[in-house]
Amino acid sequence: MNICVVGAGYVGLVTGVGLAELGHKVSCVDVDKKKIDKLKRGIVPFYERDLERLVRKNLEVKNISFTTDLEEGLKDSLFVFIAVGTPSRENGEADLSQIIQVTENMAAFMQDYKIIVIKSTVPADAFQLIRKILTKKKREGIDFDLVSNPEFLREGEAVYDFFHPTRIVIGVDEGKEEVAEKLAELFRPLNAPIIKTSIINAQMIKYASNVFLASRISFINEIANICEKVGADVEEIARGMSFDKRLGDGYLKPGIGFGGPCLIKDLKALIKIAETYGYEAQHLKSILAKNEHQVKHILLKVKKVLGDFLYGKTIGVLGLTFKPGTNDVRSSLALRIIDLLRKEGAQVKAYDPWGMEEAKLCLSDLNLCKDPYEVALGADMLLILTGWEEFKKIDFARIKKILKEPIIVDGVNLLDPEKMRALGFMYKGVGR
Ligand code: UDX
21 MNICVVGAGY
31 VGLVTGVGLA
41 ELGHKVSCVD
51 VDKKKIDKLK
61 RGIVPFYERD
71 LERLVRKNLE
81 VKNISFTTDL
91 EEGLKDSLFV
101 FIAVGTPSRE
111 NGEADLSQII
121 QVTENMAAFM
131 QDYKIIVIKS
141 TVPADAFQLI
151 RKILTKKKRE
161 GIDFDLVSNP
171 EFLREGEAVY
181 DFFHPTRIVI
191 GVDEGKEEVA
201 EKLAELFRPL
211 NAPIIKTSII
221 NAQMIKYASN
231 VFLASRISFI
241 NEIANICEKV
251 GADVEEIARG
261 MSFDKRLGDG
271 YLKPGIGFGG
281 PCLIKDLKAL
291 IKIAETYGYE
301 AQHLKSILAK
311 NEHQVKHILL
321 KVKKVLGDFL
331 YGKTIGVLGL
341 TFKPGTNDVR
351 SSLALRIIDL
361 LRKEGAQVKA
371 YDPWGMEEAK
381 LCLSDLNLCK
391 DPYEVALGAD
401 MLLILTGWEE
411 FKKIDFARIK
421 KILKEPIIVD
431 GVNLLDPEKM
441 RALGFMYKGV
451 GR
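Here it is in structure tokens:
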């Protein structure tokens, strides 16, 4: 099957490579010429485990190709997957400008019937807009069908998630069951449950899933903060809860809050969608507010150990990415905390195994160090903001000698409190 994927970001590239790996001929289109030139040479412009290997493998067997020319990508493709960005606008609404641009171009180039599959997370209203643009701008006599096929990939695990999906959600218009079935056929080799539903249901499944994950994180962070007051250990609480199948064990890791390009964006977008329909989504707003509050809570923890006046203090930060296993710093709460610390007059020195280049693009004057020891040297305390496994292997006895004060605030509960205290640190985690 010939397939076109528009947008070679995380979702588009993983989907394209995954489909190529399943034996299809995939043409990946992106407007970014530099990105396409790199991909043609087998270089993935961001880090995602296993992705580069699969790009190279499929380039070699000619199952995947890359182009900036949408017309070329569309040619001979029955399926067109749209996976361009839908970032948050200032007011929380999803910014649909990239989708609109692609739709307009596509309408001009379509020469035969296409099944247009929207992977980007968009409010259901967007489908009416896409349909309207296509109908108005396409050549007469050329038909299309629209499908919603939301994506549940996690960064860092995206390739694994493509091949082991928890479910495939396919949303189509009433009476278009045969179109849903055609798309279902593509994904059958993955042996996942396939949910065929309406377009609005498909979009809401995506929003509700991401928002529910966010709500679990805000919930456990709230419990963590209460644990601190009553003297309980949130890690034990989460473990104790996890044996109940109704509760499960996912997304109960306390920390600095949820960051990254999806959870915050989708939560804000759903709040806005509800608002557009005259409904105030109070519960969703409180999830977002709790996330903001958690950042302030971490800041307060730092002030508790260093004093309210941070001016002139040096804080060594470990971790910049929004989670371990990625170099992505988009909506990273680590960067937000650093920004707040600096606004209070603190000096920040930082290290991250993969995220330093990306962080530099956001905070150009950030003092970056070559390793955790350089971070600790002469700092008033150490603050851990991303749960990289490799931080567990640090020689903390050495760190204790070079820190001005033996203080660790562990925002992600990465380290063993007993071990740290035995080494002579004043150790503060979250909720324990
Ligand atoms: C998320 C969804 O998991 C995925 O299904 C969707 O397609 C895209 O959004 P991702 O953005 O890659 O994926 O990040 P995820 O692994 O879900 O983590 C999001 C944030 O929550 C990170 O900042 C992470 O550190 C934080 N988190 C996660 C917690 O604080 N506690 C947890 O228990 C889990």
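Count along the sequence shown from 1, then add 20; that gives the number in the working numbering.
Ideal Cβ positions, reconstructed from N, Cα and C, are used throughout, including at glycine.
Query: According to DSSP, which residues form a beta bridge with K54?; Result: Note: K54 sits in no beta bridge, so no partner.
Query: Taking all protein chains shown into account, do 16 or more other C-beta atoms lie within 10 angstroms of the C-beta of F232, making it buried, or fewer, making it exposed?; Result: exposed
Query: Note down the Cα distance separating D70 from V64, rounded to an integer number of angstroms.; Result: 10 Å
Query: Under the DSSP definition of a beta bridge, which residues are partnered with V231?; Result: Its beta-bridge partners do not exist; DSSP assigns none.
Query: Expressed to the nearest angstrom, what Euclidean distance is found between the alpha-carbon atoms of I135 and G176?; Result: 29 Å
Query: In terms of residues, what are the limits of the beta strand (DSSP E) holding Y371?; Result: Q367 to Y371
Query: Output the boundary residues of the beta strand (DSSP E) element that contains S168.; Result: F164 to S168
Query: How about G105 and Q118: are their beta carbons less than 7 Å apart?; Result: yes
Query: Just checking R187 against ligand 3 - is the residue's beta carbon closer than 6 Å to any of the ligand's heavy atoms?; Result: Ligand 3 is absent from the structure shown, which contains only ligand 1.
Query: Under a three-way DSSP split, which group does A252 fall into?; Result: coil
Query: Go to V432, then tell me how far its alpha helix (DSSP H) extends in each direction, as first and last residue.; Result: First-last for V432: undefined, no H or E at that position.
Query: Any heavy atom of ligand 1 closer than 6 Å to the CB of F172?; Result: yes
Query: Could you give the DSSP three-state label for S85: helix, strand or coil?; Result: strand
Query: Alpha carbon to alpha carbon, how far is S108 from K453? Give it in angstroms, no decimals.; Result: As displayed, the chain neither begins before 21 nor continues past 452, which places residue 453 out of reach and without an answer.
Query: For F182, verify whether its CB is less than 6 Å away from any heavy atom of ligand 1.; Result: no
Query: For a test of your reading of the model: does the CB of Y271 fall under 6 Å from any non-hydrogen atom of ligand 1? Yes or no.; Result: yes
Query: Under 6 Å from any heavy atom of ligand 1, does the C-beta of L6 make it?; Result: The question about residue 6 has no answer, for the chain in this structure spans 21 to 452.
Query: Secondary structure at F411, three-state DSSP: helix, strand or coil?; Result: helix
Query: Got a sec, what are the start and stop residues for the beta strand (DSSP E) M130 sits in?; Result: It is not in any beta strand (DSSP E) - M130 carries neither H nor E in the DSSP assignment.
Query: On the three-pair Cβ rule with 8 Å, is the stretch 336-343 touching the stretch 366-386?; Result: yes
Query: Under three-state DSSP, which class holds T282?; Result: For the record, residue 282 in the displayed sequence is Cys; it is not Thr. Of the three classes helix, strand and coil, the one that applies to C282 here is coil, per DSSP.
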